[in-house]
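Okay, structure first, notes after.
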Amino acid sequence: MSHRETDEHSGVETTGHEWDGIRELDNPLPRWWLYIFYGSIVIAAIYWVFMPSWPGVNSYAKGVLNQSDRVDVAKQLEALQTQRGAEGAMLRSASLETIETDPKLQAYALAVGQSVFGDNCATCHGVGGTGSKGYANLRDDVWLWGGSLEDIQHTIQVGVRSDNPHTRQSQMPAFGRDQILKPAQIDDLTEYVVALSRRPARAAAVARGAPMFAEQCAVCHGPQGRGNVTLGAPDLTDADWLYGSTQADIREQIWNGRGGVMPTWEGRFSPETIKALAVYVHANAGGQ
Amino acid sequence: MTVVIDRTKPEAPKTGPVSAAARVRAKGFTLGLYKPRTPIYPKLVHGQWRRIKWILMIVMLTIYYVTPWIRWERPGALPDQAALVDFAGGRFYFFGIQLWPQEVYFITGLLVMAALALFLVSALFGRLWCGYACPQTVWTDLFIYVERAFEGDRNARMKLDAAPWSFDKAWRKIGKHAVWLGIGFGTGGAWIFYFHDAPTLITHFWIGQAPATAYIFCALLTVTTYAFAGFMREQVCIYLCPWPRIQGAMLDQHSLQVTYLRDRGETRGPHKKGQTWEGRGDCIDCNACVVACPMGIDIRDGSQLECINCGLCIDACDEIMDRVERPRGLIAYDTDAAVAAREERQPPIYKLLRPRTAYYAVALTLVSGLMIWGLTHRSALDVHVLRDRNPMFVRLHDGAIRDGYTLKIANRGFEAEDVQVTFKGPRGAKLRTPGAKATGETLSVRVEPNEVRAVRVFVTVAAAAIEAPNMPAVFSLRAGRDAMTVKTNFLSGAANAP
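Chains as they are written, first to last, in the numbering used here: chain S, 2 to 289; chain X, 604 to 1101.
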């Protein structure tokens, strides 16, 4: 039903289509638009020649310029490494103590450490490194696996309960879940642990818990409950609690024997980066 | 007493040379946005003011070109250039003075001093700056000197400009412009030495290794010098410069200005040798003052915005007065008040001490005193304390609270300093830097000269000494005779609240 006619009012031919009595004028495209369109076609053809464009089955047309963003990024990273070369080399050769005490190296290591920490560690340990329930606080002076520069460096390298063959490893038994102890015994043990950190506890329950602690817990946590850094067993007498300090928190921990996992960073970071990170964490923790 | 110049009056028919301003006025209304420039051909004069201007020109150009080459030994790797604005290093050096970017208020103070000095000098002696010291005046004078060397004095230049093109005209014009461009290049070339080590830059400049900014600014100043001193000349003073507009507020009837002594000069008129001087003024209407004026004005119209007070018309007039055997000083540095008084047949009064000059002098003394005090008492030490925000505090295993701070200690001196840091606030606060073996109440931090050192400082306070979640505290730093205190806070949150 299309028949073209000339619109009386504007003198322009219509497209011949009609919808509910509405007809459409067949105005030509604006010239400027048309020329840009043709120009774009020409530019596209030139672009095909120089830049990667057509996909193939196994590869793609690479273009005369052989441009690749992947290669560009690699080059930029390489340039960054060259730019950082001098300090990077010094990080590699200097001892951790030297890095931490030399003002220039320390400033460089802290800058590297801060950015790496923010990208990788902050997810669990928090941007400020203060951790949260189940994630260690890296700012205070309590260290499950040792707080010296070397200890921190090693923990970052191998991780905790990770798939690294040399990983920091420890496992607290789930006394309740695995029915090693009866619930009533766990209640007594909880009272005993509360008493260890010099807080009020029921004396009778503490007395009942004492031999149980010596039998089940002292192996790792020590007879006085002061913990053992080589086994990653926390000190139970201080004010720092990884899984919470309340009676309920402590009971739950004895029941389930939770232990977190920290990945190994050995393959992901260069040794220099791990050194810088260790210095950063150590310095922020007060640097003991 | 202000002289009102009525320019609506029809020009009296004149014979001989006419001032450029009068020629423009004669053209009347034009349709363009801008007034067409009427070329000015200042005639060379001889006399004491001209001599002073030559001497000052040589002195000031010498200062401008020589200053960057003066060497001044500084310790270490610091630049040995006496006057250097080091943008790359963020330092300003002037002989024994070294300023950091945060001390830019000294530059502000210097500018305030310069402005007040200009006000004071203007109120006392008129526009001495404009007439003798302004770069626009000095370079224009130099360019006119070159122009005169190639094209001759006023009449020769006017004739040459009116003449059709010829070989003679061409080489004179080309020569003039070539020398102008050369001077312009020299101006721009000297400018960039203030911003880089001059001996290094001069070699790097020619082998294409100087920074792009050096080439850009050299080219920029070449072009502006060429345009300002060669073509725009008095237009810069009249249209671009704000100072001629501001000076109206600085001058009063007691300010010394280049003045035509109406009382003595009028009634003016031509004078033939042997005629009597009785019943007439000393001005013989020779227009020597008009043709000498680089601003193209007639000083006999009274004080006006265009006049830069260069005194060249004084020399021109004195020459004529000598010739007609009348006393010199028909045009002289004088005050409006004195001229008015003499017109009334009263003795002229010169008042140097006026409320205006007193204000300016007191303000200038105050600001200068403040600057000298500031420079002599400038501390080499500068400290900023940044308190850790995440976490704001850390609770240690024994319940003690530790706050972390970053101290940015700047040593703006030329010697290494051992800075003693103490912390006053909660009782028994202990300080430590990461990696340090010892904990104590005082820290010693070595800061190399001309360096900002960022030091992390941990302050630990035992639980028993914590009295409030937020306790005011002060870091005190001492190095040699310099001491500083910086206020901060010791935060412990509600961590130790009972």
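All C-beta atoms in this analysis are idealised placements derived from N, C-alpha and C, irrespective of residue type, glycine included. Computed from a prediction, not measured in an experiment: that's the story for all the values here.
C-beta contact flag for residue i and residue j at 7 Å
i: Gln77 (chain S); j: Met52 (chain S); result: no
i: Thr828 (chain X); j: Thr790 (chain X); result: yes
i: Val1064 (chain X); j: Ile1004 (chain X); result: yes
i: Met924 (chain X); j: Glu909 (chain X); result: no
i: Cys892 (chain X); j: Ala919 (chain X); result: yes
i: Pro994 (chain X); j: Arg140 (chain S); result: yes
i: Leu237 (chain S); j: Gly226 (chain S); result: yes
i: Pro704 (chain X); j: Gly693 (chain X); result: yes
i: Gly1002 (chain X); j: Ala1066 (chain X); result: yes
i: Cys913 (chain X); j: Ile902 (chain X); result: no
i: Asp179 (chain S); j: Ala206 (chain S); result: no
i: Met761 (chain X); j: Tyr644 (chain X); result: yes
i: Phe569 (chain X); j: Arg1035 (chain X); result: Look at the range of chain X in this structure, 604 to 1101, and you will see that residue 569 (chain X) is not part of it.
Environment of residue i [buried if 16+ CB atoms lie within 10 Å]
i: Met2 (chain S); result: The predicted position of Met2 (chain S) is uncertain, since its pLDDT is 49 and thus under 50; a value taken from the coordinates is nonetheless stated next. Per the 10 Å Cβ criterion, exposed.
i: Asn59 (chain S); result: exposed
i: Tyr36 (chain S); result: exposed
i: Val17 (chain S); result: Looking at the sequence provided, one finds Gly at residue 17 (chain S) rather than Val. Classification of Gly17 (chain S): exposed, given that the 10 Å Cβ count is below 16.
i: Val662 (chain X); result: exposed
i: Thr156 (chain S); result: buried
i: Gly785 (chain X); result: exposed
i: Thr1088 (chain X); result: exposed
i: Phe1093 (chain X); result: buried
i: Ile900 (chain X); result: buried
i: Gly119 (chain S); result: exposed
i: Gly699 (chain X); result: exposed
i: Tyr953 (chain X); result: exposed
Backbone CA spacing between residue i and residue j [nearest angstrom]
i: Ser41 (chain S); j: Gly130 (chain S); result: 53 Å
i: Cys821 (chain X); j: Trp783 (chain X); result: 15 Å
i: Tyr281 (chain S); j: Val195 (chain S); result: 34 Å
i: Leu854 (chain X); j: Phe770 (chain X); result: 50 Å
i: Ser94 (chain S); j: Glu101 (chain S); result: 13 Å
i: Leu823 (chain X); j: His780 (chain X); result: 17 Å
i: Ala685 (chain X); j: Glu676 (chain X); result: 8 Å
i: Val826 (chain X); j: Ile658 (chain X); result: 26 Å
i: Gln172 (chain S); j: Gly258 (chain S); result: 8 Å
i: Phe695 (chain X); j: His799 (chain X); result: 11 Å
i: Trp794 (chain X); j: Val839 (chain X); result: 20 Å
i: Pro184 (chain S); j: Val161 (chain S); result: 29 Å
i: Ala852 (chain X); j: Leu956 (chain X); result: 17 Å
i: Asp239 (chain S); j: Gly89 (chain S); result: 39 Å
i: Glu19 (chain S); j: Glu25 (chain S); result: 7 Å
i: Ser1095 (chain X); j: Gly811 (chain X); result: 60 Å
i: Asn890 (chain X); j: Met660 (chain X); result: 26 Å
i: Gly135 (chain S); j: Ala277 (chain S); result: 25 Å
i: Ala1100 (chain X); j: Thr1045 (chain X); result: Only weak support exists for where Ala1100 (chain X) lies, its pLDDT of 46 falling under 50; the value from the coordinates is given anyway. Looking at the two C-alpha atoms, the distance is approximately 28 Å.
i: Met604 (chain X); j: Tyr842 (chain X); result: Confidence is the limiting factor: at Met604 (chain X) the pLDDT is only 46, short of 50, which leaves the residue's position unreliable, though a coordinate-based value still follows. Cα to Cα, the separation comes out at about 26 Å.
i: Leu719 (chain X); j: Ala961 (chain X); result: 12 Å
i: Pro873 (chain X); j: Ala765 (chain X); result: 29 Å
i: Arg883 (chain X); j: Gly932 (chain X); result: 17 Å
i: Pro951 (chain X); j: Ile747 (chain X); result: 37 Å
i: Leu197 (chain S); j: Gly210 (chain S); result: 11 Å
Chain X within 7 Å of residue i, Cβ atoms only
i: Arg140 (chain S); result: yes
i: Val128 (chain S); result: yes
i: Asp239 (chain S); result: yes
i: Gly258 (chain S); result: no
i: Gly223 (chain S); result: no
i: Ala284 (chain S); result: yes
i: Gly114 (chain S); result: no
i: Thr131 (chain S); result: yes
i: Glu6 (chain S); result: no
Minimum Cβ-Cβ distance from residue i to chain S less than 7 Å
i: Pro1101 (chain X); result: Interpretation of Pro1101 (chain X) is limited by its pLDDT of 41, a score under 50 that renders its predicted location unreliable; no figure is taken from the coordinates.
Within-7 Å CB hit, residue i to chain B
i: Gly287 (chain S); result: No chain B appears in the structure shown, which is made up of the protein chains S and X.
Chain S contacts from the stretch 993-1011 of chain X (Cβ-Cβ distance under 8 Å): Correct list: Asn993, Pro994, Val997, Arg998, Leu999, His1000, Asp1001, Gly1002, Arg1005 and Gly1007.
Interfacial residues, the stretch 1027-1045 of chain X to chain S, with Cβ spacing under 9 Å: Arg1035, Thr1036, Pro1037, Gly1038 and Ala1039
Chain S contacts from the stretch 1052-1080 of chain X (Cβ-Cβ distance under 7 Å): Of all residues in the stretch 1052-1080 of chain X, the ones placed with a Cβ closer than 7 Å to any Cβ belonging to chain S are Arg1056, Ala1057, Arg1059 and Phe1061, in chain order.
Residues of the stretch 95-108 of chain S with Cβ closer than 8 Å to any Cβ of chain X, in chain order: Glu98, Glu101, Thr102, Pro104, Gln107 and Ala108
Interfacial residues, the stretch 133-167 of chain S to chain X, with Cβ spacing under 9 Å: Asn138, Arg140, Asp141, Asp142, Val143 and Leu150
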